[in-house]
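Shown next, in structure tokens, is the structure this report addresses.
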Amino acid sequence: MTKDPKNRATEDTGNGMTRRRMLSWFSGFGLFGSLIITALSNLIFIKPRATYGQPNRFSIGKPEDFPSGARVSLDTRRVCVVRDGDKIAAISTTCTHLGCIVSVSETGFSCPCHGSRYDQDGNVTGGPAPKALPWFDVRLAPNGELEIDKDTEIEQGSYLRV
Amino acid sequence: MNTQMKSGPWKTLVGLPQNVWGSIFRNPLPSSDLGRASTSFTNFFLHLHPVKVHRNSLRATYTLGLGLISFFLFFILVVTGILLMFYYVPSTTQAYDRMLDLRGTVAFGIFLRNMHRWSAHGMVAAVFLHMCRVFLTGSYKPPREFNWVLGVLLLLVTLFMSFTGYLLPWDQLAFWAITVGTSIASYAPLIGKQVKFILLGDTTVGQEALLRFYVLHVAVLPAVLPLLAALHFWRIRKDGGLSRPAEEDALSADMPAAQVEIVKGPPVVMATSAAAAAAAEPVLQKRHYGIQGLVRGPFTKIGNVPDRSVFAWPNLFMAELVVFLITVAGVLTVSLFFNAPLEEPVNVMHPPNPAKAPWYFLGLQEQVSYSAFWGGVGIPTVEVLLLLIVPYIDRKIAGVGRWFARERLLANFLFLSFVIVNVILIIIGTFFRGPNWEFVSPW
């Protein structure tokens, strides 16, 4: 009765949640949440949905262009096309260490930057490279051309049979 | 009546220069202490400074002017950078040609590029040396912990500024240094691949990466860095000016102002000779304070301390001017004699062997050649975290304000080991690494 009614909302009753405190919590969550949503949407904005550089999915020509035993390194595509009999695979030529281009050598692949070496299948045989060169999905497109999809890594040793 | 009509406009006309000048500069060149104080206080560009500054802050052998040098180099970088922007195009087909144009056709083009490149290298070095100065004088201790944190952030932003600028000439060095650098980022757990993709805007370094690095280099980071620098400068004031030995303020210790005048010789509590000298200084008393005297916190003490401060005008401003002139002269001299390197245009098929990053990242690259994750992500992250947390671990207020204080032997030893190891790694990476990153002798 003697208390000032204006102060009732701010009274700390100890354990109870006053209306004012409740509302300030909600406002706080709202403001903080908006901040997070803003930051996230900026992040989504700067992550490109389409890239303007080289497509990650491209055609490399007919299977006949690659005779058996061929190991053709397509430097601009950063991929090495390997054909063994009727089996075709595409191995990445981007060094798994720091992204230099590995060159095809007698024993497999070797990197000029920090001296990483790989065997014919892309397994690490020396140098600082932490893991094997990935294999990319190869499929035969309806027009009879080979298509490589660098977004899809496949298990080492899984060949396309033509 | 006639004379009145004449004198009105005439007076206005005669007084015009004086009135205009006086409306801009409220104070004449100061000849009194009051004038010196209000000159610093009322000028927009000068009021960042205190009206009075402690003598210790002006000792060149204490600060080596490294913070100022860093700032002035940044100023030179902004000016030359804006000028270079008039001729640069962030396009993979044009960027390199524009570099050649700067050499060949643009008036002073090569000189401006030299100034920009060498100031950038100088700024990385100056900021790092400034950090060493602050550590070795114990200046990160309370109440200056957070300003140290801001300083570490400024070092990181400076490095990132330099890294983003490295790609812009679009020569072989640029392309492969950024290829290697962003690949290091992709080793970060969980977010590494995403960070690299967002940074490059693509899976490899190309047009998108060039545009992104350009925007970061000329817009985003130049906005972030001055903001952090402004906070850094503001905190210097709010944390009580530059750090100084406790003896400099010794008289304030538990000493009521009334007793101060009795103290003629050194009191018992203060045994050092510096304290004795301090005690002999005239002590200010019976001063009247405005609102500034009421503010609380770790501010410069007013009143019951020996007044060992001098007016910022002209002492501090002259010192700053001298440092500025030395910095500009240094950059001009280096830019006259050494041209900024420009290698062959980008060839995405053939990395140069070895592909080396800028010198300040070669320590990192040397570490990376042992283990990409630990050398490129693990150890640097631990180092940065340690730097950030150091003022919250090492909190003893002893040996603050002196170079290589005996009380701080362990801390200084650990920090110097960190510095020396990194310098050695940089030297190995720079001079002792050849093709395939194999060990070579520079002789």
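So the sequence lines, in the order shown, correspond to chains A and B. Mind the numbering: the first sequence is residues 1 to 162 in our numbering, read in order. Mind the numbering: the second sequence is residues 163 to 605 in our numbering, read in order. All C-beta atoms, glycine included, are put in the ideal place defined by N, C-alpha and C. From a predicted model like this one, the values you see are computed outputs, not experimental measurements.
Outcome for residue i when other beta-carbon atoms lying within 10 angstroms are tallied against a minimum of 16
i, result
"Glu506 (chain B)", "exposed"
"Trp310 (chain B)", "buried"
"Leu387 (chain B)", "buried"
"Asp401 (chain B)", "buried"
"Glu370 (chain B)", "buried"
"Gly229 (chain B)", "buried"
"Trp25 (chain A)", "exposed"
"Lys214 (chain B)", "buried"
"Phe290 (chain B)", "buried"
"Ser169 (chain B)", "exposed"
"Thr174 (chain B)", "exposed"
"Met17 (chain A)", "exposed"
"Asp195 (chain B)", "exposed"
"Gly427 (chain B)", "Model confidence at Gly427 (chain B) stands at a pLDDT of 42, short of 50, so the residue's coordinates are unreliable and nothing is read from them."
"Pro67 (chain A)", "exposed"
"Leu133 (chain A)", "buried"
Reference residue i, options the options, closest by Cα
i, options, result
"Ser202 (chain B)", "B:Val485, B:Asn477, B:Leu576 and B:Gly596", "B:Asn477"
"Ala560 (chain B)", "B:Leu239, B:Gln256 and B:Pro304", "B:Pro304"
"Leu564 (chain B)", "B:Val493, B:Ser301 and B:Trp183", "It is Arg, not Leu, that sits at residue 564 (chain B) in the sequence shown. Here the closest residue by C-alpha is B:Ser301."
"Met624 (chain B)", "B:Lys173, B:Leu208, B:Ile186 and B:Asp195", "Because residue 624 (chain B) is not part of the residues shown, which for chain B are 163 to 605, the question remains open."
"Gly368 (chain B)", "B:Tyr349, B:Lys358 and B:Phe337", "B:Phe337"
"Ala502 (chain B)", "B:Ile488, B:Tyr328 and B:Ile551", "B:Tyr328"
"His211 (chain B)", "B:Arg470, B:Glu569, B:Phe566 and B:Arg399", "B:Arg399"
"Lys150 (chain A)", "A:Arg77, A:Gly85, A:Gly28 and A:Pro112", "A:Arg77"
"Ile488 (chain B)", "B:Arg217, B:Pro190, B:Arg188 and B:Ser232", "B:Ser232"
"Val319 (chain B)", "B:Pro597, B:Tyr376, B:Leu390 and B:Ala534", "B:Leu390"
"Leu378 (chain B)", "A:Leu40, A:Ile46, A:Ala129 and A:Gly30", "A:Ile46"
"Thr242 (chain B)", "B:Leu404, B:Gly271, B:Tyr224 and B:Gly596", "B:Gly271"
"Glu145 (chain A)", "A:Ile37, A:Glu64 and A:Ser34", "A:Glu64"
"Phe486 (chain B)", "B:Gly184, B:Ser281, B:Ala269 and B:Val251", "B:Ser281"
"Gly157 (chain A)", "A:Ile88, A:Gly53 and A:Tyr118", "A:Ile88"
"Leu160 (chain A)", "A:Asp119, A:Ser116, A:Gly85 and A:Leu23", "A:Gly85"
"Pro48 (chain A)", "B:Val581, B:Lys358 and B:Val562", "B:Lys358"
"Met247 (chain B)", "B:Phe499, B:Trp396, B:Gly596 and B:Val380", "B:Val380"
"Gln54 (chain A)", "B:Trp183, B:Thr366, B:Phe187 and B:Arg188", "B:Thr366"
"Ala288 (chain B)", "B:Leu245, B:Gly227 and B:Ile590", "B:Gly227"
Whether residue i touches residue j by CB criterion (8 Å)
i, j, result
"Gly363 (chain B)", "Ala519 (chain B)", "no"
"Ile148 (chain A)", "Ile60 (chain A)", "yes"
"Val81 (chain A)", "Leu74 (chain A)", "yes"
"Phe632 (chain B)", "Ala199 (chain B)", "Since the first residue shown for chain B is 163 and the last is 605, residue 632 (chain B) is missing from the structure and cannot be characterised."
"Leu98 (chain A)", "Val602 (chain B)", "no"
"Asp263 (chain B)", "Leu504 (chain B)", "no"
"Leu361 (chain B)", "Thr254 (chain B)", "no"
"Phe136 (chain A)", "Ala90 (chain A)", "yes"
"Leu312 (chain B)", "His394 (chain B)", "yes"
"Pro128 (chain A)", "Ala534 (chain B)", "yes"
"Thr96 (chain A)", "Pro130 (chain A)", "yes"
"Thr592 (chain B)", "Trp475 (chain B)", "no"
"Trp599 (chain B)", "His114 (chain A)", "yes"
"Ala339 (chain B)", "Ala517 (chain B)", "yes"
"Phe375 (chain B)", "Leu316 (chain B)", "no"
"Arg140 (chain B)", "Asn205 (chain B)", "Residue 140 (chain B) lies beyond the range of chain B shown here (163 to 605); nothing can be said about it."
"Cys294 (chain B)", "Val546 (chain B)", "no"
"Tyr250 (chain B)", "Arg265 (chain B)", "no"
"Val562 (chain B)", "Ala408 (chain B)", "yes"
"Gly197 (chain B)", "Tyr349 (chain B)", "no"
"Leu549 (chain B)", "Val314 (chain B)", "yes"
Proximity test, residue i beta-carbon vs the ligand NAP heavy atom, cut-off 7 Å
i, result
"Leu526 (chain B)", "Summarising the ligand content, the structure contains no ligands, and the ligand NAP is consequently not present."
By the 7 Å beta-carbon criterion, what residues does the region 82-107 of chain A contribute toward chain B?
Result list: His97, Leu98, Gly99, Cys100 and Ile101.
Proximal residues, the region 33-61 of chain A versus chain B, C-beta separation under 9 Å:
Residues of the region 33-61 of chain A with a Cβ closer than 9 Å to any Cβ of chain B, in chain order: Leu43, Ile46, Lys47, Pro48, Thr51, Tyr52, Gly53, Gln54 and Asn56.
With a threshold of 8 Å, are at least 3 pairs of Cβ atoms found where one atom belongs to the region 341-358 of chain B and the other to the region 139-158 of chain A?
For the pair of segments examined, the region 341-358 of chain B was found not to touch the region 139-158 of chain A: the number of CB pairs separated by less than 8 Å stays below three.
Decide if the region 170-183 of chain B is in contact with the region 96-116 of chain A; the criterion is three or more beta carbon pairs, one per stretch, under 8 Å apart.
Because the criterion of three Cβ pairs below 8 Å is not met, the region 170-183 of chain B and the region 96-116 of chain A do not touch.
Cβ contact check for the region 511-525 of chain B and the region 228-242 of chain B: 3 or more pairs under 8 Å
Segment contact: the region 511-525 of chain B against the region 228-242 of chain B, fewer than three CB-CB distances shorter than 8 Å; contact not assigned.
With a threshold of 8 Å, are at least 3 pairs of Cβ atoms found where one atom belongs to the region 273-288 of chain B and the other to the region 489-507 of chain B?
Short answer: they touch.
Sufficient close CB pairs (3 or more, under 8 Å) joining the region 573-585 of chain B to the region 322-335 of chain B:
With a cut-off of 8 Å, the region 322-335 of chain B and the region 573-585 of chain B do not count as touching, because too few Cβ pairs lie within range.
Cβ contact (3+ pairs, closer than 8 Å) linking the region 523-537 of chain B and the region 585-595 of chain B
Contact holds: three or more Cβ-Cβ distances are below 8 Å.
Decide yes or no for the touch test of the region 39-58 of chain A against the region 118-125 of chain A: beta carbon pairs closer than 8 Å, at least 3 of them.
Under the Cβ criterion (8 Å, minimum of three pairs), the region 39-58 of chain A does not count as touching the region 118-125 of chain A.
Looking at chain B, which residues of the region 132-161 of chain A have a Cβ within less than 7 Å of any of its Cβ atoms?
Within the region 132-161 of chain A, no residue has a Cβ that lies closer than 7 Å to any Cβ of chain B.
Relative to chain A, which residues along the region 507-526 of chain B have a C-beta separation below 9 Å, given in chain order?
Taking a C-beta cut-off of 9 Å against chain A, the contacting residues of the region 507-526 of chain B are Val510, Met511, His512, Pro513, Pro514, Asn515, Pro516 and Ala517, listed in chain order.
Identify each residue in the region 350-364 of chain B for which the Cβ-Cβ distance to at least one residue of chain A is less than 8 Å, and report them in chain order.
Answer in chain order: Gln356, Phe359, Ile360, Gly363 and Asp364.
Please identify, using Cβ separations under 7 Å, the residues of the region 265-290 of chain B that lie next to chain A, in order along the chain.
Within the region 265-290 of chain B, no residue has its Cβ closer than 7 Å to any Cβ of chain A.
Return the residues of the region 582-603 of chain B that lie within a Cβ-Cβ distance of less than 9 Å from chain A, sorted by chain order.
Going along the region 582-603 of chain B in chain order, one finds Pro597, Asn598, Trp599 and Glu600 with a Cβ nearer than 9 Å to chain A.
For the region 111-127 of chain A, enumerate the residues whose C-beta is nearer than 7 Å to any C-beta of chain B, in chain order.
Of all residues in the region 111-127 of chain A, those with a C-beta nearer than 7 Å to a C-beta of chain B are Pro112, Cys113, His114 and Gly115, reading in chain order.
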